[in-house]
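In full-length UniProt numbering, the protein residues as written are 1 to 201.
Ideal Cβ placement from N, Cα and C applies to all residues, glycine included.
These figures come from a predicted structure and were not determined experimentally.
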Amino acid sequence: LTQPKTKTNPPARRALISRQPFARLFAAKMLQLFGAERSIHITRRLRNVPLGCCTRTCSGGPTRRKPLDSAYKPALVEAAHREAVSRSVTCGAGSKRFSMLLPPPNVTGELHLGHALTCAIQDVMMRWKRKQGYEGVWIPGMDHAGIATQVVVEKRLRKERGVGRHDLGRERFLEEIWKWKEEKGRSIEGDLRGLGSSMDW
């Protein structure tokens, strides 16, 4: 932005101009919108506001913020986010209903980026519908009966014990699949919750 051409450059105008690019842009915009004297008044008031330490909540009351940690601590951030999500899931309950199923991930191991992408897309859709006044129901789940799970469990048995599903028999092989499902299912559920998605657990 260029400064408007004037015959004189009053002290108030000069006081607003800084060598920093952002400050120059801010000052030019303030001058354009409010004029020199009003801009000085506004910037002096802003100077007394401590940045990042005080904000207003949605209820209107002031709240104090702690300074940010120097290192990112995912456990703290994700725990706070999960708590906020669990409080906001009930928002938007109305007469209209919008239901959605999570495409159940196979319990073949850990979740990957594709699962996170699916959750993110569905989460956006669900939150948008809730904002529109729908009663949103997003049902999570896992698929433990797929052929992919059978293949993974059989590979594990061959590697660890040197036996296959025919050697064990149907009942014992099913027991092994259920053990695998319990182990990996807990991990997958923890990962899904850790994503911060607003599923109805």
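Candidates the options, of which the one nearest residue i by Cα
i, options, result
"Pro140", "Val77, Arg38, Gly185 and Arg65", "Gly185"
"Leu195", "Leu113, Asn106 and Ser95", "Leu113"
"Val152", "Arg130, His115, Lys129 and Gly109", "Gly109"
"Lys155", "Asp143, Phe173 and Ser198", "Phe173"
"Ser99", "Trp128, Arg158 and Ala116", "Trp128"
"Ile147", "Gly35, Thr118, Cys119 and Arg165", "Arg165"
"Trp138", "Leu157, Thr149, Gln150 and Thr118", "Thr118"
"Ala116", "Ala79, Arg193, Arg38 and Lys159", "Arg193"
"Glu183", "Ala36, Leu68 and Thr149", "Thr149"
"residue 202", "Ala36, Ser197 and Arg38", "Shown here, the chain extends from 1 to 201; a query on residue 202 therefore has no answer."
Boundaries (first-last residue) of the beta strand (DSSP E) holding residue i
i, result
"Gly146", "Per DSSP, Gly146 belongs to no beta strand (DSSP E) and is neither H nor E."
"Val137", "Glu135 to Ile139"
"Arg130", "Taken as a continuous stretch (DSSP letters only), Arg130 belongs to no beta strand (DSSP E), being part of the alpha helix (DSSP H) at Leu113 to Lys131."
"Met100", "Arg97 to Leu101"
Unbroken alpha helix (DSSP H) run spanning residue i, endpoints
i, result
"Trp178", "Arg170 to Gly194"
Cα-Cα separation, residue i to residue j
i, j, result
"Gln132", "Lys96", "10 Å"
"Gln122", "Leu102", "8 Å"
"Arg65", "Met199", "29 Å"
"Asp191", "Arg170", "31 Å"
"Ser187", "Ser70", "29 Å"
"Leu76", "Leu111", "21 Å"
"Met125", "Trp201", "17 Å"
"Tyr134", "Leu168", "50 Å"
"Glu160", "Tyr72", "38 Å"
"Gly162", "Met142", "28 Å"
"residue 203", "Glu78", "Shown here, the chain extends from 1 to 201; a query on residue 203 therefore has no answer."
"Lys181", "Pro67", "42 Å"
"His136", "Glu189", "First, the amino acid is wrong: residue 136 is Gly here, not His. Each residue's Cα considered, the two are about 20 Å apart."
"Arg130", "Gly35", "43 Å"
"Arg38", "Pro74", "44 Å"
CB contact below 8 Å: residue i versus chain D
i, result
"Gly162", "No chain D is part of this structure, which consists of one protein chain only."
**Message:** Taking 8 Å as the cut-off, does the segment 95-109 touch the segment 175-190 (at least 3 CB pairs, one atom from each stretch)?
**Reply:** Short answer: they touch.
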